[in-house]
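When we follow our numbering, the leftmost residue of the sequence shown carries the number 32, and every step to the right adds one.
C-beta atoms are modelled at their ideal positions from N, C-alpha and C, and glycine is treated no differently.
Keep in mind it's a predicted model, so treat the numbers as computed, not measured.
First comes the structure, then the notes that go with it.
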Amino acid sequence: MPRFSIIVPSHGVAGRLSQALDSVLVQSFGDFELIAVCDAPDAPAADVAAGYAGRDAR
């Protein structure tokens, strides 16, 4: 079980979501889960979140 949960909300801004996720993933502390919450499953941000989920199992 991860030590921390980091929740990143997104409302229609896929580019900003990428920046936010990148800033979390470059941290030296790695015992966390990252939860991206998108406003709609067909939103571009959902595709961004799915791409990150495929690259990092946390």
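So who's on the other strand from residue i, going by DSSP bridges?
i	result
V79	V79 is not bridged to any residue.
V68	P40
F63	F35
Contact check, residue i vs residue j under 8 Å by CB: the rounded distance?
i	j	result
A45	A76	4 Å
P40	V68	5 Å
Whose C-beta lies closer than 6 Å to the C-beta of residue i among residues of the same chain, with five residues either side of it excluded?
i	result
F35	F63
V79	A45, L48, S49
I38	I66
Ordered along the chain, which non-local residues of its own chain (more than five positions away) have a Cβ less than 7 Å from that of residue i?
i	result
L56	D87
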